[in-house]
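See structure below.
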Amino acid sequence: MTINCIIVNYHKAARCIQCIDSLLAQSSDRLIRLFVLDNSCSDQEYDLLKTRVGERCVVEKAEDNIGYTRGVNHVFSGCSDAQFTVLISPDVILHDPSTLDHMARLFAERPDLGILASVQTNDDRSEEHTSELQSRVD
């Protein structure tokens, strides 16, 4: 089972590297593949990402800022073969090493789910409940 993680970076390369490190620290028997699109139009941002994480994930530079949604669609079109795809913001850090396994297990157990979102914990450890449990609508 494969989990693809898509990150669209926009001027957050340093934080994006922390995000990637947290994704790579996931304890999973699933194959986790990481794809980063640098939307910053900055050689500095791209070079930092490519140098620091380029051997651990696919890093691509957008020639122009194509926006978040087009960026996700661009990356997804080249990696849509996974059972699960995670869209993750570059400033997200997964503190629990079983997060992706837990989410994949929920999807497998609940075919009525179409989208999952976790509770967001801010840097100050306060929580943001950004979503509710919703069943899939066909």
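Just so we're aligned, residue 1 is where the sequence shown starts under my numbering, counting upward by one. Where is the CB? At the ideal position from N, CA and C, for every residue including glycine.
field: Endpoints, alpha helix (DSSP H) assigned at R56
entry: Residue numbering aside, residue 56 sits at position 56 when the sequence shown is read from its first letter. Careful: R56 lies outside any alpha helix (DSSP H) and carries neither H nor E.
query: Do you know whose CA, among I93, L37, I7, lies nearest Q26's CA?
result: To locate residue 26, count along the sequence shown from 1; it is residue 26. Ranking I93, L37, I7 by Cα distance to Q26 puts I93 first.
- request: Compare the C-alpha of R30 against each of S42, N73, V36, P97 and name the closest.
  value: Counted from its first residue, the sequence shown places residue 30 at position 30. Residue P97 is the option with its Cα nearest to R30.
- prompt: Straight-line CA distance for D123 to D38?
  reply: Along the sequence shown, read from residue 1 onward, the residue named residue 123 stands at position 123. Along the sequence shown, read from residue 1 onward, the residue named residue 38 stands at position 38. Approximately 23 Å, taken between the alpha carbons.
message: Less than 8 Å between the C-beta atoms of A82 and I3, yes or no?
response: What you label residue 82 is simply residue 82 of the sequence shown in a count that begins at 1. What you label residue 3 is simply residue 3 of the sequence shown in a count that begins at 1. Their beta carbons are under 8 Å apart, which means A82 touches I3 by this criterion.
field: For D38, the first and last residue of its enclosing beta strand (DSSP E)
entry: Taking the first residue of the sequence shown as position 1, residue 38 is located at position 38. Counted as a single uninterrupted DSSP element, the beta strand (DSSP E) harbouring D38 occupies residues 31–38.
- request: Just mark A104 as buried or exposed, buried being the case when its beta carbon has 16 or more other beta carbons within 10 Å.
  value: The sequence position of residue 104 within the sequence shown is 104, counting from 1. Flag for A104 reads buried.
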